[in-house]
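Residue numbers (my numbering): 4 to 173.
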């Protein structure tokens, strides 16, 4: 197992535990009506029941961790000529590496979505808490961090533009 494969698996499992822990913890802290939309002044404009937030996050969590992970597990069974990648013929000669790249990419996507959901829940709980004096503008870093993670994960498939070189030493 490559180091990158191992690191992505650890990140995916850690993010899974993180989003579950954040959901349980924030659900216990949320008031019955949670502020989710804020005006330019920082005052809450729109509220949602905490039960609805729980079901929305659980739906996204299941979609992310069941559907995308299920697709990733079926990548090795798909014919490389049917995959939407450039240079299919060259990559079909290196099937194991292609499967590893695509599976790692999908697992990394799962980890990024879990990480963003977990941090968003923690930020929402802190904003709605009465014991902290933080407002919505204190969490503007979350937008930029999420954007950087999403860009990172969507730049990973660029590696598929360069297939591995042949070993013609025999």
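Every residue, glycine too, gets a C-beta built ideally from N, C-alpha and C.
Quick caveat, the model's predicted, so the values are computed rather than measured.
- The C-alpha of residue 52 lies about 43 Å from the C-alpha of residue 80.
- Per DSSP, reduced to three states, the secondary structure at residue 93 is helical.
- Per DSSP, residue 39 is not a residue of any alpha helix (DSSP H); the beta strand (DSSP E) it occupies stretches across 36-41.
- According to the DSSP assignment, residue 49 belongs to the beta strand (DSSP E) that extends over 47-52.
- In the structure shown, residue 81 falls within a coil segment according to DSSP collapsed to helix, strand and coil.
- Minimum Cα-Cα distance from residue 12 among the listed residues 76, 47, 98 corresponds to 76.
- Taking a cut-off of 8 Å on C-beta distances, the stretch 124-135 touches the stretch 16-30, as three or more cross pairs fall below it.
- Non-local C-beta neighbours of residue 108 in its own chain, meaning closer than 7 Å and more than five positions away in sequence, comprise 159, 160, ordered along the chain.
- Exclusion of the five residues before and after residue 83 leaves 91, 94, 95, 98, 101 as the residues of its chain whose Cβ lies within less than 8 Å of its Cβ.
- Here residue 168 is not near residue 89, since their CB atoms are 9 Å or more apart.
- Within its own chain, the residues whose Cβ lies closer than 7 Å to the Cβ of residue 105, once the five positions on either side in sequence are excluded, are 78, listed in chain order.
- Annotated three-state conformation of residue 5 is coil, per DSSP.
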